[in-house]
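Below is one structure, written out as structure tokens, with a few remarks after it.
Residue numbers (full-length UniProt numbering): 1 to 453.
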């Protein structure tokens, strides 16, 4: 069974947690028997190809065309490319999943990683809510048209079940496991007088409040009024716009000495190293479909504090120690950060215990086995449907051929009879024929004629 993932990056991590999720899922699926995994990626680097090869994953590149963005070239498939399943995620790649499915007549699997309609309520720019509604409508349409919709976590599963209830669409729910590339087993406390806190976000009008950057800045500023040793690191600013984000954060009472602003890390290896620099990772978002950046931190064994309005919070609530990571209101963030610092050695040990509990409860192998089993069922039904369609077409063609042969036979049989009738007519008395014609001309149109014998 061939499964192909659409992705814009493989070894890099510029698209946030979702590209990490797709990478890890592809790697885990490739471990299963009788499953062939590939990625369709524009502008694959040599590093991408060599890295994928280590996991027995094939790399395909679309054809390149001038004046097309790299992601737009995904619709131009390489020669000889085929797959049983094409897997997309999000809005942009979802469009190309639909296009490729139509070209190859394969099955389309679409992953839902966010809820644009809910996110829009936390975005502060003109037209945000109407844009969010439009994007949500598009994603719901993708789920309806795809052969299978997959949500990442219970939170998204519940909201999309509601959105698709009218068409009784089945949705598969997948809860991502621990991201092995970030795992660090050390429980050693950083030797520093400062307490360094990490939060992710671009900081533009679309995600400053959505990612809760203002909450993080205000909480750290409040703590520093009594103990000026808390440092907030904000990572994710677009390259060249770090100063703009810093100014926006300073507007929330945090002083320059308490703040560090960086652009996003492109290399996954550098991101893993970043987690070793800090004592605590925050995810104070207004909402998160799941919270994949916090899962990266949990995988690295770093203590985390996350919003209760996230799929990861729902997953952690089921585990021992999980509720200690969840913050229920904006007012609680400063106090929760302070408690994490007081119990830092304990929190480090608990972070490793929580990671192990999470790994047992949400095991990749079990998740992937269930996913593949669902795909096999789909593929079997799809193959039977294709076979029935093929048989119907053959039967229809055979019937049409039989009708054509019958008509030809009648034409051949009627040929001599027609000639015979024509000969009989030509032998008639010309005067009789002439009288008949005159009689016909005398009959007025629309009048009933009574023939007398």
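Ideal Cβ placement from N, Cα and C applies to all residues, glycine included.
Please state whether DSSP places residue i in a helix, a strand or coil.
i: residue 15; result: coil
i: residue 36; result: strand
i: residue 354; result: helix
i: residue 240; result: coil
i: residue 432; result: Residue placement at residue 432 is flagged as unreliable, the pLDDT there being 47, under the threshold of 50; the coordinate-derived value follows with that caveat. Reduced to three states, the DSSP call for residue 432 is helix.
i: residue 9; result: coil
i: residue 77; result: coil
i: residue 454; result: Absent from the model: residue 454. The displayed extent of the chain is 1 to 453, so no value can be given.
i: residue 329; result: coil
i: residue 182; result: helix
i: residue 235; result: strand
i: residue 83; result: coil
i: residue 372; result: helix
i: residue 64; result: coil
i: residue 22; result: helix
i: residue 188; result: coil
i: residue 361; result: helix
i: residue 270; result: helix
i: residue 168; result: coil
i: residue 41; result: coil
Since residue i is in the alpha helix (DSSP H), which residue starts that stretch and which ends it?
i: residue 261; result: Segment 259-263 is the beta strand (DSSP E) holding residue 261; no alpha helix (DSSP H) there.
i: residue 133; result: 128-145
i: residue 53; result: 46-54
i: residue 278; result: It is not in any alpha helix (DSSP H) - residue 278 carries neither H nor E in the DSSP assignment.
i: residue 197; result: It is not in any alpha helix (DSSP H) - residue 197 instead sits in the beta strand (DSSP E) that spans 195-200.
i: residue 100; result: 90-104
i: residue 118; result: 116-119
i: residue 293; result: 292-299
Note the first and the last residue of the continuous beta strand (DSSP E) segment covering residue i.
i: residue 220; result: Segment 213-224 is the alpha helix (DSSP H) holding residue 220; no beta strand (DSSP E) there.
i: residue 107; result: 107-112
i: residue 304; result: 304-307
i: residue 210; result: Element bounds for residue 210: n/a, residue is neither H nor E.
i: residue 316; result: Looking at the DSSP string, residue 316 is not in any beta strand (DSSP E); the run it does join, the alpha helix (DSSP H), is 311-316.
i: residue 149; result: 148-152
i: residue 58; result: 58-60
Could you tell me the distance, in whole angstroms, from the CA atom of residue i to the CA atom of residue j?
i: residue 197; j: residue 3; result: 39 Å
i: residue 116; j: residue 400; result: 51 Å
i: residue 128; j: residue 210; result: 12 Å
i: residue 229; j: residue 297; result: 22 Å
i: residue 322; j: residue 313; result: 8 Å
i: residue 252; j: residue 246; result: 10 Å
i: residue 9; j: residue 73; result: 14 Å
i: residue 41; j: residue 332; result: 43 Å
i: residue 183; j: residue 241; result: 31 Å
i: residue 48; j: residue 23; result: 11 Å
i: residue 365; j: residue 35; result: 13 Å
i: residue 138; j: residue 352; result: 40 Å
i: residue 136; j: residue 188; result: 44 Å
i: residue 262; j: residue 207; result: 16 Å
i: residue 300; j: residue 316; result: 16 Å
i: residue 163; j: residue 305; result: 30 Å
i: residue 227; j: residue 193; result: 11 Å
i: residue 292; j: residue 180; result: 13 Å
i: residue 343; j: residue 125; result: 39 Å
i: residue 114; j: residue 90; result: 8 Å
i: residue 276; j: residue 231; result: 15 Å
i: residue 225; j: residue 248; result: 20 Å
Confirm, please, whether the CB-CB distance from residue j to residue i is below 8 Å.
i: residue 112; j: residue 59; result: no
i: residue 39; j: residue 5; result: yes
i: residue 286; j: residue 309; result: yes
i: residue 217; j: residue 254; result: yes
i: residue 294; j: residue 278; result: no
i: residue 320; j: residue 357; result: yes
i: residue 87; j: residue 311; result: no
i: residue 264; j: residue 235; result: yes
i: residue 97; j: residue 110; result: yes
i: residue 161; j: residue 108; result: no
i: residue 350; j: residue 318; result: no
i: residue 233; j: residue 190; result: no
i: residue 178; j: residue 18; result: no
i: residue 199; j: residue 256; result: no
i: residue 30; j: residue 37; result: yes
i: residue 379; j: residue 84; result: yes
i: residue 32; j: residue 325; result: no
Hey, is residue i close to the ligand NAD, as in C-beta under 7 Å from one of its heavy atoms?
i: residue 34; result: By its list of ligands, the structure shown contains no ligand whatsoever, and the ligand NAD lies outside what it can speak to.
Counting Cβ pairs, one atom from each stretch, are 3 or more of them under 8 Å apart for the stretch 326-345 and the stretch 142-154?
-> no
Touching by the beta-carbon criterion (3+ pairs, under 8 Å), the stretch 70-90 and the stretch 47-57 = no
Examine the Cβ distances between the stretch 173-181 and the stretch 147-161 and report whether three or more of them are shorter than 8 Å.
-> yes
Flag this pair as touching only if the stretch 266-273 and the stretch 11-22 have three or more C-beta atom pairs under 8 Å; answer yes or no.
-> yes
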